[in-house]
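Below: one structure, written as structure tokens.
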Amino acid sequence: MPVNEPHGAAQAAAPGGATAGARPGTAEWEPRIIGFCCNWCSYAGADLAGTSRLEYPPTVRVIRVPCSGRVNPQFIVRAFQKGADGVLVAGCHPGDCHYSTGNYFTRRRLQVARRFLEYLGIDPRRLRITWISASEGQKFADTVREMTEEVRALGPNRVMRDELWAAN
Amino acid sequence: MKYAYFPGCSLSGTAREYERSTRAVARVLGLELEEIPDWSCCGATSAHATDKLLSLALPARSLARADEMGLDVVAPCAACFNRLRTTVHAVRSDRKVRQEVEEVLGQPYAACSDAYALPDVIVNRHGLDNIVPHLKKSLGGLKVACYYGCLLVRPSAVTAFDDPEDPQTMDRLVRALGGEPVVWPAKTECCGASLSITRTRVVWQLAAQILTAAQKAGAEAIVVACPFCQSNLDMRQVQAQKWSGRRWNIPVYYFTQLLGVALGLPPGELGLESHFVDPLGVLRQKALV
Amino acid sequence: MKRIGVFLCHCGSNIAGTVDIDRLQEAVRRMPGVVYVEQNKYTCSEPGQEQIRKGIKEHRLDRVVVAACSPRMHENTFRRTVESAGLNPYLLEIANVREHCSWVHKDREEATAKAVDLVRRAVAKVVFNRPLQKARIPVEKRALVIGGGIAGIQAALDIADAGHEVWLVEKEPSIGGRMAQLDKTFPTLDCSLCILTPKMVDVAQHPNIRLLTYSQVENVGGYVGNFEVTIRKRARSVDESKCTGCGSCWAKCPHKVPSEFDLGLGQRKVIYVPFPQAVPNKPVIDREHCVYFKTGKCRVCERFCPAGAIDFTQEDELITERFGAIVAATGFDLFDHARYGEYGAGQDPDIISGLHFERLVNASGPTEGKIKRPSDGKVPRSVAFITCVGSRDDHKGISYCSRVCCMYTAKHAILLSEKVPGCRSYVFYMDMRTPGKGYEEFYKRSQEMGTQYVRGRVARIYREGDHLVVQGEDTLLGRKVLVEADMVVLATGITPRRDAGELARTLGISYDQYAFFNEAHPKLRPVETNTAGIYLAGACQGPKDIPDAVAQASGAAAKVTAMFSKDTLTADPLIATVNEAICSGCLWCKPICPYRAIDEKIITERVRGRTVSRRVATVNAGLCQGCGACTVACRDGAMNLLGFSNEQVLAEVEALCR
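Those protein sequence lines, which keep their order, are chains A, B and C. 33 is the number of the first residue of the first sequence in the working numbering; add one for each residue after it. 7 is the number of the first residue of the second sequence in the working numbering; add one for each residue after it. 162 is the number of the first residue of the third sequence in the working numbering; add one for each residue after it.
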């Protein structure tokens, strides 16, 4: 299967696949970003973006975790494996962690994870780690907007999607 | 211990006695000073007022040679020390500065070698324990005001020399030599160094304050570690006396000169003949010469 | 196969206005495991909740997904709903289609597509949800208060008054703390000891309080409701049950040493009570300086004790007790101005700290309240006060404001002008900070009494003959100033206790860069720590004046009594759990846990007919707060987080990526 061929066309047509599901090669391709947000700061920040009606691109889907320190690099790898174009991990600002030290682990672990992704051939810019407090709805919206643009410029993630490997 | 030696321009001009006493003392203490080959002026007092990049590139040229020698640098002159240290700090902390400096130098410069002030090297690094066994004479309770000026201690984040408000390095040395360092308030005041030629009146005023403070604290002598400080307090002392109407007549020594006396070196080898305020009278009183 | 019911909320037009609910319903209906889908106008309303209950019963649902607002809003509401329908409350998931979808997107197509994804995520996750039970932890209704200053005293009295047993542990021979060293208190000029001693006596006499002075907390184990604490009761060399506090011993003791209570300005005997109003009024022998302990001769105190209470053979006693809650109220130390070379490096006897001045001005202090300068006992004619010494000074490594120095300096200036009429006084300040009831007025009063305020940091203080010279700048006039003073009082700042970090590690609570203890939330949980069951009172948490310390102490006491009002605590079941079958016992998880909830245990199992013992990790349900940091550190994948398990998150990831 040539790498630039649209993939998963059948799924794109599946119900709900719509926009973010529109796939490489089609004009409507939009990045699909998986967001891991800690419950205490960043998820609340994303909620605040909602209550403040701050519009941002519908590219990100958020998974709630108790702490950014809960994010196992395996989750990130799995996301890229399954076709995510970008992964956003957001936690409390350093020093503000609800669990005192969780985000320090995040910072160090994901620094390593980023290098690992690079080794796998995935552009490290596809993984973004950021600190968003519960009062930073605007920052959440801005982050999604910036990251969408960045990932859009990088194009679809073609490196380690399951289907590709299966086809080969 | 071996250091790359950066004499600086003053030490072959106004501060020749600093150079001579430094070399003499280093020889006795077994401190090896290897002069940096083809060193150039650090640019002090004028370069950093004119062009920031120039003020970094000038010391960097000599520092790059020290890097090649694989030795840390020691500078007797406080102004040289300050410029060298500033350069090392700037190049280490800012990648862009490093690139610019390397471009000017036409060679890589990674700021591997550290730069230290001479009193720091002799008292803190070489250590009093390695000095005391060599001492031949005691200063006999000579009351000494240790004057550090501004260039050794400021800005403290860059110079990292002792407590910037109350440095004790030379005080500890003087005590070890049998002298009595006085507690006085002007040890880190500025002597007006760079205005010595252009606005001499300012220097008279500042020197008068420093000398008065030393006198009030009961000092019989002042020691310094900077050619500017020495010339402003020594050479300008008569002018400052005329201007202020006060009289001090306090000899101003380089700390290496007093150390040399205690090490039993003859006055001629320490350049004691070249001062303005008689340096020998006080020493004769204590039967040191 | 699970039987999942999905309830789609319109939230009026909040969701339905942007998301096409009918198309969403169509898509959800086809998701695996979904057996029932329903729309509600407002799912959180009573009729909406009733629909969920009905749906669970009629369609025998065993999992529920609600697509509505943020789980931070109504997760608990819907958990109660499913619980009331007989389903375990943790078999519920929420899809946030309002804050994360309808409110942030305008395009109906895009929003609907995203809503489908978000519901699919919840459906995929809920399949792996497991019924969880809230753990019930019994509460030991006994509180430990560490530190017998005003904060500790207040906390102990409040808890004891609520009818609970309290142990108050104090390091010094007497309770009273810093407040006992003060002369007057701002802004009312109440005599500090006059208002403190009644409280100290209350502590001693309270039937619910057990007072342990000259004692320190040595070890803390256990968890909220069930702490196990070892306290070292240091040998007093005096039998407290026999001693009557008559004072013969310290009157007759022939040896004197500098008094810690008077900061070295006065002297005390080697057998001593720190100050006359001490509670308990029973002396200790300072073994380090006692001649008998050094040479084996003396025993004067023993000879003169009418009660036979002196006991040279007494040894330290280790007491272990269980406590349900702990209040840390260990107070502060004073910044040591030896670090200011420009202010004499602590060498000049006439450059003193604010607390020294308190002792000088105190009627029961070393000078009996006469203000005399320490060097020669001369009554000063001119005094300079300098604020922000060891506060707000990045060069000395302390950026924070100590909060009390402006006010206590104003107080000192007032006391000085009352005690030494005609004495000139100068206050060098950076900013005057007077945020408190009556504080600004108090500051004004000190100005009106003749104190001259000079705005600017002092550059240097030096001696010139008989007097000191303060060299500074008046930044309002833009002029250099020189002030001659007979004595200089440095308003030295508040620092944490020197051993604060050590105690914090013993307690398992976090502390900041200076070693002030960290509150759980700087605004909304100011008396709790991140370790459940441990509370903070007073200056150990940050610089504080007396009213604030007392208020926080009462707050901590209220938290403790609220906890003690129940017989058991319920613990959130969303915590880490170990799969012992695959745990290799490496314990990499242990140092990562900020709550020290992970420990090792030995399990015995039968492998191929043989009985073997091996080490595995175990999670303490009382301590674990469910952050999940350990799960990532686990190399075997044995550590998992209930409610956010690896299986659940991976299912969510896959659901969102398809």
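Beta carbons: idealized from backbone N, C-alpha and C, even for Gly.
Nearest CA to the CA of residue i: which residue from the options?
| i | options | result |
| --- | --- | --- |
| Val135/C | Cys410/C, Pro250/C and Pro359/C | Because chain C here runs from 162 to 819, residue 135/C falls outside it and cannot be looked at. |
| Cys99/A | Phe148/A, Cys129/A and Glu181/A | Cys129/A |
| Gly185/B | Ser68/B, His95/B, Glu279/B and Leu264/B | Leu264/B |
| Ala676/C | Asp660/C, Glu689/C and Thr667/C | Asp660/C |
| Leu668/C | Gly209/C, Glu389/C, Asp278/C and Val550/C | Glu389/C |
| Glu476/C | Ile487/C, Arg500/C, Ile446/C and Gly469/C | Ile446/C |
| Met162/C | Ala188/C, His171/C and Gly194/C | Gly194/C |
| Ala396/C | Gly386/C, Phe454/C, Gly406/C and Ala412/C | Phe454/C |
| Glu680/C | Asn290/C, Thr690/C and Ala574/C | Thr690/C |
Closer than 6 angstroms by C-beta to residue i: which residues in its own chain qualify, once you throw out the five before and the five after it? Chain order, please.
| i | result |
| --- | --- |
| Glu401/C | Lys443 |
| Glu195/B | Ile216 |
| Leu253/C | Val225, Phe239, Arg240 and Val243 |
| Arg658/C | Thr491 and Asp494 |
| Ser237/B | Thr20 |
| Leu343/C | Ser353 and Glu519 |
In the DSSP assignment, what are the bridge partners of residue i?
| i | result |
| --- | --- |
| Tyr756/C | DSSP output for Tyr756/C lists no bridge partner at all. |
| Trp163/A | Gly123/A |
| Ala121/B | Val79/B |
| Met179/A | None, per the DSSP bridge assignment. |
| Gln377/C | Arg393/C |
| Pro232/C | Note: Pro232/C sits in no beta bridge, so no partner. |
| Gln613/C | Tyr587/C |
| Ile307/C | Val330/C and Ala489/C |
| Ile66/A | Arg93/A and Val119/A |
| Gln428/C | Pro419/C |
Between residue i and the rest of its own chain, which residues show a CB-CB distance below 7 angstroms, the 5 nearest in sequence each way excluded?
| i | result |
| --- | --- |
| His140/B | Val34, Leu35 and Leu269 |
| Pro285/B | Pro257, Tyr259 and Leu278 |
| Lys143/B | Val267, Ala268, Gly270 and Leu294 |
| Asp168/B | Val159, Gln174 and Thr175 |
| Thr273/C | Val180, Asp181, Arg184 and Leu185 |
| Leu811/C | none |
| Cys466/C | Ser409 and Cys410 |
| Ala317/C | Val306, Val327, Leu329, Val364 and Ile370 |
| Pro535/C | Leu426, Pro510, Asp511 and Ile513 |
| Ala524/C | Gly530 |
| Asn130/B | Thr175 |
What distance in whole Å lies between the Cβ atoms of residue j and residue i, which are believed to be in contact at a cut-off of 8 angstroms?
| i | j | result |
| --- | --- | --- |
| Val180/C | Val258/C | 6 angstroms |
| Ala50/B | Ala81/B | Wrong, their Cβ atoms sit about 10 angstroms apart, outside the cutoff. |
| Ala732/C | Lys302/C | Actually they do not touch by this definition, with Cβ atoms about 18 angstroms apart. |
| Val110/B | Leu69/B | About 13 angstroms; that fails the 8 angstroms criterion. |
| Ala63/B | Val150/B | So it is not a contact: roughly 38 angstroms between Cβ atoms. |
| Thr111/A | Val119/A | The sequence given here has Ala at residue 111/A, not Thr. Their Cβ separation, rounded to whole angstroms, is 5 angstroms, which keeps Ala111/A and Val119/A in contact under 8 angstroms. |
| Ala778/C | Cys744/C | 6 angstroms |
| Val588/C | Val615/C | 7 angstroms |
Who are the near neighbours of residue i in its chain, counting only those whose CB is closer than 8 angstroms to its CB and skipping five residues on each side?
| i | result |
| --- | --- |
| Ser280/B | Arg22 and Glu23 |
| Leu222/C | Arg164, Ile165, Gly166, Val196, Tyr197, Gly216 and Leu248 |
| Val288/B | Leu148, Glu226, Ala227 and Pro257 |
| Glu150/A | Pro156 |
| Leu479/C | Glu379, Thr391, Ile392, Arg393 and Lys394 |
Q.
Short of 9 angstroms Cβ to Cβ, which residues in the region 735-751 of chain C face chain A?
A. Correct list: Leu735.
Q.
Residues of the region 498-517 of chain C in Cβ contact with chain B at a cutoff of 9 angstroms, in chain order, please.
A. Answer in chain order: Arg500, Tyr501, Gly502, Glu503, Tyr504, Gly505, Ala506, Gln508 and Asp509.
Q. Which residues, in order along the region 202-222 of chain B, keep a beta-carbon less than 9 angstroms from a beta-carbon of chain C?
A. Flagged, chain order: Ala219 and Lys222.
Q: Anything in the region 148-182 of chain B with a Cβ closer than 7 angstroms to a Cβ of chain C? List those residues in chain order, please.
A: Cβ contacts with chain C: Asp169, Glu171 and Asp172.
Q: Note down, in chain order, all residues in the region 227-253 of chain C with a beta-carbon under 9 angstroms from any beta-carbon belonging to chain A.
A: Near chain A, meaning a CB-to-CB distance below 9 angstroms, the residues of the region 227-253 of chain C are Cys230, Ser231, Pro232, Arg233 and Met234.
Q: Give, in chain order, every residue of the region 182-196 of chain B whose Cβ lies closer than 8 angstroms to some Cβ of chain C.
A: For the region 182-196 of chain B, the set of residues with a beta-carbon nearer than 8 angstroms to any beta-carbon of chain C comprises Val189, Trp190 and Pro191, in chain order.
(Q) Under 7 angstroms, CB to CB, which of the residues in the region 648-679 of chain C have a partner in chain A? (A) Residues of the region 648-679 of chain C with a C-beta atom less than 7 angstroms from some C-beta of chain A are Ser671, listed in chain order.
**Q.** Interfacial residues, the region 115-134 of chain A to chain C, with Cβ spacing under 7 angstroms
**A.** Those would be Gly115, Ala116, Tyr131, Ser132, Thr133 and Gly134, in chain order.
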